[in-house]
Every structure is written in structure tokens, then in C-alpha cells.
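Asker:
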Amino acid sequence: MELGYFAMPLHPPARDWREVLEENRQAVILADRLGYAEAWIGEHITTTSEPIVSPLLFLATVIPETKAIRLGTAVVNIPHHHPAHLAAQVAMFDQLSQGRCLLGIGPGGMASDAELFHSTPEKRGEMMLECIDMMTAIWTQDPPYALKGKYWDCTVKDFVIPEYGVGAMGKPFQKPHPPIALALRSPQSSGTLLCAERGWIPISGNFIPTAFVKGHWDGYAAACVKAGRRPDRKIWRVARSILVTPDDREARDYVADPEGGMSYYFRYLRTLAAMRTTPGAPDDAVRAQVEIQVNEALEDQVIVGSPNSVLDQLIAFRDETGDFGTLLATGHDWDKAEMWKRSMVLLAEDVMPKLRQHCAAAPMGE
Numbered sequence: 001m002e003l004g005y006f007a008m009p010l011h012p013p014a015r016d017w018r019e020v021l022e023e024n025r026q027a028v029i030l031a032d033r034l035g036y037a038e039a040w041i042g043e044h045i046t047t048t049s050e051p052i053v054s055p056l057l058f059l060a061t062v063i064p065e066t067k068a069i070r071l072g073t074a075v076v077n078i079p080h081h082h083p084a085h086l087a088a089q090v091a092m093f094d095q096l097s098q099g100r101c102l103l104g105i106g107p108g109g110m111a112s113d114a115e116l117f118h119s120t121p122e123k124r125g126e127m128m129l130e131c132i133d134m135m136t137a138i139w140t141q142d143p144p145y146a147l148k149g150k151y152w153d154c155t156v157k158d159f160v161i162p163e164y165g166v167g168a169m170g171k172p173f174q175k176p177h178p179p180i181a182l183a184l185r186s187p188q189s190s191g192t193l194l195c196a197e198r199g200w201i202p203i204s205g206n207f208i209p210t211a212f213v214k215g216h217w218d219g220y221a222a223a224c225v226k227a228g229r230r231p232d233r234k235i236w237r238v239a240r241s242i243l244v245t246p247d248d249r250e251a252r253d254y255v256a257d258p259e260g261g262m263s264y265y266f267r268y269l270r271t272l273a274a275m276r277t278t279p280g281a282p283d284d285a286v287r288a289q290v291e292i293q294v295n296e297a298l299e300d301q302v303i304v305g306s307p308n309s310v311l312d313q314l315i316a317f318r319d320e321t322g323d324f325g326t327l328l329a330t331g332h333d334w335d336k337a338e339m340w341k342r343s344m345v346l347l348a349e350d351v352m353p354k355l356r357q358h359c360a361a362a363p364m365g366e
């Protein structure tokens, strides 16, 4: 089992933008030094709590300061981008990183982003597929380009000069293109079917209930069989919020703090969900429901404690979900920076070697 890193990232909006950007850079750099296999970074435009507006631009800044870690977007909300522009940016990033790019895509879940870009729920999924299909066509074809769809038109045919490269678009370092990943939500969502049909990497997020995580694999595996593709647990990424401290009490006290970074993280997510699902509901009622959901998330979706305690919880989690190829430890606000850095070290150097030994001694079938 590989160890990876995932960050939306999410911070209190009052924090200085430059400081949180640097904090997230240092987290990825530390992950590389500790042997994390990959780091995934999200994209949001219209929320200062989630301050990375371009994961490719952000990740480009850590290329020269990292050696081996693969650098992924999780996710680029591609209905909000022109296919040709995004294809060119991804290809260039893959060249700059010498093939370390992982491309996580999605339809976009932030309501304010969707409002800004006029991408309604009814058309976002369709736009996502049209965009990625045009991008892969650009990566695998030479000009002239004549890609016409419902939402975009990528045409270059009237001014093509092959001997000077005019009209052509650059290709990624990886052939035919970087691996494509999709974050999954509900167990029977269209995302599981798309991953199975297209050979994309399925990612189960850290804010997904444990019961849903197992359902992700079940739905994906069934869709693979239907599509004539062998399901491979090694490509499945599963994220969890993990905090490793020298003793259980420190971690539990931090999680129990209603003003702590972990509580803020889930309160933010559950508030956004409540605003989408119960618009117009009284504020007091929404807040009360959100607090119940935050406590449920902290109980079900968070793994914290001493190295031995975290190891036991991860083994139990794997027993419930089945095997997976990469554990993605979620990056949270470094409100206690030294604690979070130490947690990354303990997870990589103490917990993961023992977890790998357990996985090798107790293999699971498909």
C-alpha cells in the first residue's frame, strides 16, 4: 500500500493568503521528503476558505523542490475551463514535471463557482465529458483540429504551418496523456461507471462515510465487469483525515476542540451541504443539524491517536472497506503546525511500515 497526500486545501478565511499558500507548499515538499508517493491538490475559485484557484500553477512551484512525488489535481473542475486551454496547461505541466502529473477531474461541486461560470447541475456532467474528450483528442492528434461539440469548438485548420509548428499544440510527457482520476461521491454514482468504462482512477474522499467507501469499490468493480475490464484494487485511492500524535489524548483533545482545525473543516463542508439541500431553512435549525453532522463525521471519518492506535484503526478500516492501493492522508489547516508536521512524519515512518507488513501478511482477494 502506498501513502499519498490530499488537500483541498481548507483554511479559515481570515488567514493570510500568502501564508497558507506557503504552508501548503511546505506540506507537499515534506511529503516528498518522507516518501509519500503522490500529492493531490484541489481547485476552487470563489471561496477564500479554499484558497488554491489553480492546482497546476500551485504544484508547478514545488516541482524544483521535490524529487519523486507525483503531483495531481483533485480536482480540476473542467466545465469551468476551455478544453484547448486546459489541455495545453496540463501538457506543459507534465513536461515541466517530467511525467509526474496526475489529472483528477470533476464537474464542479462549489455552488458559487457554478454560479460564476453559469454551469448548471443539469449540464455539468455533460460538459465534463465533452471537455475531457476534446482534451484527449488534442493530446493524441495533430493539426488540423476540428473538434466540435455542444459547448465548445476547438478548430485550427486555416493557419497551419507544420515546418514551423504553427497550429500545433504541445503533447504531454506521458503517452498518450497523464493518468486521469475522478472523485467519487455516492456508491452508485455515474462516477463509478465512468471510471470503469474509461479506465480512470477512482478516488474515495476523506469526507465520505465509511459505508459509502466500501460501496464505491463494489459499484466500481461491478461496472468494470460489465465493461469487460478487470477491476484492480491497486489503482483505488482512499482518503482519510489522519492525525498521529505521541499519545491518544493529544489527538483526541484536538479533535474534540470545537474551535480546532478538524472541527472547522467538517463544519465548513457540512454547512455548504446544508445550504444546498435545505435552502431557506432557519439559521438556528441549520446550525443545529450541522453540529450533529460534524460530530458524526469526526466519529466516522477521522482516524486519530498514537501510532499504535492509528495503526489499529487503519487495519479495521481496511477490513471494512477491502484493500486499496493508496491511502491518501488529508492535509488540514496547520493551526498547530508542529503537531501536523510531526503527524506526517509519524504516519510515514512509524505507522505505514507496520500497515504494509499487515497487508502483506493478510492479503485480500478481489
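Here this note's numbering is used: position 276 in the sequence shown is 276, and no number is missing along the way.
We put the beta carbon where it would ideally sit given N, CA and C, even for glycine.
These numbers were taken from a predicted model, which means no experiment stands behind them.
(1) With H, G and I counted as helix, E and B as strand and the rest as coil, what does DSSP make of Asn308?
(2) In the DSSP assignment, find the unbroken beta strand (DSSP E) run with Arg240 in it and report its ends.
(3) Please state if the CB of Met8 and the CB of Pro79 are separated by a distance shorter than 8 Å.
(4) CB-CB under 6 Å to Ser204, same chain, minus the five flanking residues each way: which ones, in chain order?
(5) Out of Ala37, Thr47 and Glu2, which one is the CA nearest neighbour of Leu269?
(6) List, from N- to C-terminal side, the beta strand (DSSP E) runs of 3 residues or more that fit wholly inside the segment 301-352.
(7) Is the beta carbon of Tyr264 sitting closer than 8 Å to the one on Asp333?
(8) According to DSSP, is Gly205 part of a helix, a strand, or is it coil?
(9) When we look at the beta-carbon of Pro178 and count the other beta-carbons within 10 Å, is it buried (16 or more) or exposed?
(10) Could you tell me the alpha carbon to alpha carbon distance between Ser186 and Ala223, rounded to whole angstroms?
(11) Taking the beta strand (DSSP E) that Arg252 belongs to, which residues open and close that run?
(12) Short check: CB of Leu102 to CB of Leu56, under 8 Å?
(13) Are there 16 or more other CB atoms within 10 angstroms of the CB of Tyr164, so buried, or fewer, so exposed?
(14) In angstroms, rounded to a whole number, what distance separates the CA positions of Arg252 and Trp139?
(15) Helix, strand or coil for Phe212, going by three-state DSSP, please let me know.
Answerer: Per the coordinate set shown:
(1) The answer is helix: DSSP assigns Asn308 an H, G or I state.
(2) That run of the beta strand (DSSP E) goes Arg237 to Val244.
(3) With a cutoff of 8 Å on beta-carbon distance, Pro79 and Met8 are scored as not near each other.
(4) Taken in chain order, the residues that qualify are Leu184, Val213, His216 and Val238.
(5) For Leu269, the nearest C-alpha among the options comes from Thr47.
(6) The beta strand (DSSP E) runs of length 3 or more contained entirely in the segment 301-352 are, from start to end of the chain, 302-305 and 326-330.
(7) Yes, these two residues count as a Cβ contact at 8 Å.
(8) Coil.
(9) The C-beta of Pro178 has 16 or more other C-beta atoms within 10 Å across all chains shown, which makes the residue buried.
(10) C-alpha separation (whole angstroms): 14 Å.
(11) Not the beta strand (DSSP E): Arg252 falls in the alpha helix (DSSP H), residues Asp248 to Ala256.
(12) In this structure, Leu102 sits away from Leu56, with a CB-CB distance that is not shorter than 8 Å.
(13) Its Cβ having fewer than 16 others within 10 Å, Tyr164 is exposed.
(14) Arg252 and Trp139 have their C-alpha atoms roughly 48 Å apart.
(15) In the three-state reduction of the DSSP assignment, Phe212 falls in the helix class, which pools H, G and I.
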